[in-house]
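K.L.:
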Amino acid sequence: MLNKYLTAICKAERIPCAGAVKAIMQQRIQDNIEKYVAEGNVVKFNHIKGLLANPEDALYPNGGYAPYSSSPAAPSPRPAPGIQAPRYMANGVGSQTVIDFKPSPFYTIQRQIGDLKTCPAHRNNVEISVQAQNWPILGNLETDKSLRVMAFCTSDPGMRQDISFPHQSEIKVNGGDVKANLRGLKNKPGSTRPVDLTPYLRLKPPTYPNKIEMTYALTTKASPDLLESAIVATPTTTFYFMVYVVKTVPVEELRKKIENGKKLSKESVINEMVSKAADPDIVATSTVLSLKCPLSTLRMDLPCRSTACRHNQCFDATSYLQLQEQGPTWLCPICNNSATFETLAVDDYVRDIITNTPRSVDQVTIEPDGKWSTNTRTPSPSKGNQDFDIEGDDDIIEIKDSKFLSLRNQSTPGTSASTPPTSLYSREPSTAMSAPRPSNKRPASSVIDLTLSDEDEEPISRAPKRQSTAAFASNQVPHFATPGRS
8 MLNKYLTAIC KAERIPCAGA VKAIMQQRIQ DNIEKYVAEG NVVKFNHIKG LLANPEDALY
68 PNGGYAPYSS SPAAPSPRPA PGIQAPRYMA NGVGSQTVID FKPSPFYTIQ RQIGDLKTCP
128 AHRNNVEISV QAQNWPILGN LETDKSLRVM AFCTSDPGMR QDISFPHQSE IKVNGGDVKA
188 NLRGLKNKPG STRPVDLTPY LRLKPPTYPN KIEMTYALTT KASPDLLESA IVATPTTTFY
248 FMVYVVKTVP VEELRKKIEN GKKLSKESVI NEMVSKAADP DIVATSTVLS LKCPLSTLRM
308 DLPCRSTACR HNQCFDATSY LQLQEQGPTW LCPICNNSAT FETLAVDDYV RDIITNTPRS
368 VDQVTIEPDG KWSTNTRTPS PSKGNQDFDI EGDDDIIEIK DSKFLSLRNQ STPGTSASTP
428 PTSLYSREPS TAMSAPRPSN KRPASSVIDL TLSDEDEEPI SRAPKRQSTA AFASNQVPHF
488 ATPGRS
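All letters in the sequence shown, in the order written, are residues 8 to 493 by our numbering.
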């Protein structure tokens, strides 16, 4: 933009310009634009917007300021280097609404670079050209790593808009594809993030023309997040594409803000519990409070919840912020109600429990009066040989009563040599010995009772030395005579 136009605009806006160079006039005009936006002064904003779009009006003020007509206006000229393009529809039809996006705790918009581009339905791509020499703020990217160049897009002009790209779209910088999720989470309006273009830009030499291009299709079909938010797509649905320099805020810094911010005091939480327990329509019982974050399933470090939440269960601040950084929904993972960053507060009651319990404790029991106790189990006292672990498959304990064995041997003296004793506990079913069958199973272990003596038993006739072996299977285990037998 020529100096004569800048001087005329400054005079029309009553901006001091005597002896000012071009860069100073540009900055003063920019400051006025930002002031009007901050004040919400639509009249003055529209006036300076018209002067920037048609600088000839500033040279001939007697012609008056012509408001926008209902017919399509010609594309506005490119803003002079160094002037941030105002956030309005560049070539719309009579819309005077400023395009602004919902604030995010993860970044703050510093300056728009390049033109605001309208995505008409009859075209398939829009392009923004950026040279580092025209935007001094780009020179700070190397020293300040928190500054990033990001692409924004929306389908509706106005204030506090969600980021939304066309349903089918992709972004390229200098011919290279930018890998980014342009659709956000399914059926989650407002979960789309701006696209970081910083790694793809060439800032040296400063005269290099960076080509930022968005290729799109189906601009007349709203993306799923817009359909979910009841915005009906019409043939006139238009998207607006722009590039901003933003200052990012890391999760660690946001966590510190939460820790040093709002608090739910221990006394207020206990008083709320007592108040609920005093309700005659509610039967108050003890409840179990988990000390694990429902998002990471790890023990919480900084328990927090929204001030609007009515439950005592908390979630970890760091885990919640990391999740929102990937896809901002700002919904409580417990009750699914709104839990924006501004409403998050540290629960001192739960934090006190976490501080006073070992890390091995995952949950506590809370009484209606607010008192809590750990859920610990006391093992029952041992009862000698009657208690044993039945879960182990490798340790099988056989209980053999010596008197029972003695009576069995006395009642069947003729078969004591051919019939092996049967244990009281066995993994395998018993089979008839009259018709033995070969088996690949491990043979039953023989039992030798060392507690018996010859004096405790009556003489038993000795079995014949030779027995018919036809009835024995090849895997039959021989029976050993009791000690003392000759």
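Don't be surprised by glycine CBs; every beta carbon is placed ideally from N, CA and C.
(1) Could you round the C-beta distance between S136 and N267 to whole angstroms and report it? I think they count as a contact, below 8 Å.
(2) Taking C-beta to C-beta, are Y223 and P143 nearer than 8 Å?
(3) Whole beta strand (DSSP E) runs in the stretch 120 to 157 with 3 or more residues, listed along the chain?
(4) If you count every other CB in all the chains shown that lies within 10 Å of the CB of V357, and 16 or more means buried, which is it?
(5) Would you call K124 buried or exposed, if buried means 16 or more other Cβ atoms sit within 10 Å of its Cβ?
(6) What whole-angstrom Cβ distance do I265 and A324 have, given they're in contact under 8 Å?
(7) Comparing alpha-carbon positions, which option in L154, C311, E332, T244 lies nearest R500?
(8) I'd like to check one pair, F246 with P201: are the Cβ atoms closer than 8 Å?
(9) With distances taken between CB atoms, is the gap from L309 to R262 smaller than 8 Å?
(10) Tell me the residue span of the beta strand (DSSP E) that contains N217.
(11) From V50 to T294, what distance separates their C-alpha atoms?
(12) Report the partner residues of R118 according to the DSSP bridge assignment.
(13) Could you check if C17 is buried or exposed, using at least 16 other CB atoms within 10 Å of its CB as the buried criterion?
(14) Could you check the C-alpha separation between N343 and H318 for me, to the nearest Å?
(15) Which residues in the same chain have their Cβ closer than 6 Å to the Cβ of N10, if we skip the five residues on either side of it in sequence?
(16) I116 and V250 - do their beta-carbons sit closer together than 8 Å?
(17) Would you give the residue range spanned by the alpha helix (DSSP H) that A27 belongs to?
(18) Measuring alpha carbon to alpha carbon, tell me which residue in T244, L145, N53 is nearest P212.
(19) One question on the structure: do S303 and Q370 come within less than 8 Å of each other, judged by their Cβ atoms?
(20) Smallest Cα separation from E259: which of S326, D151, L208?
(21) In three-state DSSP terms, what is S111?
(22) Could you tell me whether any non-hydrogen atom of the ligand FMN is closer than 7 Å to the CB of A158?
(23) If we ignore side chains and look at the alpha-carbon of each, how far apart do A171 and E279 end up?
(24) How far does the beta strand (DSSP E) with T294 in it reach, from first residue to last?
(25) Taking 8 Å as the cut-off, decide whether the C-beta atoms of S162 and T244 are in contact.
(26) Can you list, in chain order, the stretches of the beta strand (DSSP E) that have 3 or more residues and sit fully within the stretch 350 to 385?
(27) In the DSSP assignment, the alpha helix (DSSP H) including S176 goes from what residue to what residue?
(28) How is the alpha helix (DSSP H) around R312 delimited, first residue to last?
(29) If we ignore side chains and look at the alpha-carbon of each, how far apart do R288 and P375 end up?
(30) Would you please state the rounded distance, in angstroms, between the beta carbons of W379 and I360? I believe it to be under 8 Å.
P.N.:
According to the data block:
(1) Actually they are not in contact, since the Cβ atoms of S136 and N267 sit about 43 Å apart, beyond 8 Å.
(2) No, they are not a contact pair.
(3) Counting only runs of 3 or more, we get 132 to 137.
(4) Looking at its Cβ environment, which holds 16 or more other Cβ atoms inside 10 Å, V357 is buried.
(5) Under this definition K124 is a buried residue.
(6) About 5 Å; that satisfies the 8 Å criterion.
(7) With the chain running from 8 to 493 in the structure shown, residue 500 is simply not present.
(8) The answer is no: Cβ separation not under 8 Å.
(9) Yes, the pair counts as a contact, with Cβ atoms nearer than the cut-off.
(10) Where N217 is concerned, the enclosing beta strand (DSSP E) stretches over 217 to 224.
(11) Those two C-alpha atoms are separated by around 59 Å.
(12) According to DSSP, which records beta bridges pairwise, R118 is partnered with V252.
(13) Buried, since its Cβ has 16 or more Cβ neighbours within 10 Å.
(14) Whole-angstrom Cα-Cα distance: 12 Å.
(15) Once the five neighbours on either side are set aside, the close Cβ partners of N10 are K29.
(16) The answer is no: Cβ separation not under 8 Å.
(17) It is not in any alpha helix (DSSP H) - A27 carries neither H nor E in the DSSP assignment.
(18) Answer by Cα proximity: L145.
(19) No. Outside cutoff.
(20) Across the set S326, D151, L208, the C-alpha of S326 shows the shortest separation from the C-alpha of E259.
(21) Strand.
(22) The ligand FMN is absent from the structure shown, which contains no ligand whatsoever.
(23) As written in the sequence, residue 171 is Ser, which differs from the Ala given in the question. Rounded to whole angstroms, S171 and E279 show a C-alpha spacing of 41 Å.
(24) Unbroken beta strand (DSSP E) run through T294: 294 to 297.
(25) In this structure, S162 lies near T244, with their beta-carbon atoms less than 8 Å apart.
(26) 351 to 354, 370 to 373, 379 to 381, all fully within the stretch 350 to 385.
(27) That residue, S176, is in no alpha helix (DSSP H); its beta strand (DSSP E) goes 175 to 180.
(28) No alpha helix (DSSP H) holds R312; the beta strand (DSSP E) holding it covers 310 to 313.
(29) For clarity, residue 288 is Asp in the given sequence; the question names Arg instead. Distance between the alpha carbons of D288 and P375 is about 14 Å.
(30) Indeed, because the Cβ distance is near 6 Å, the residues count as touching under 8 Å.
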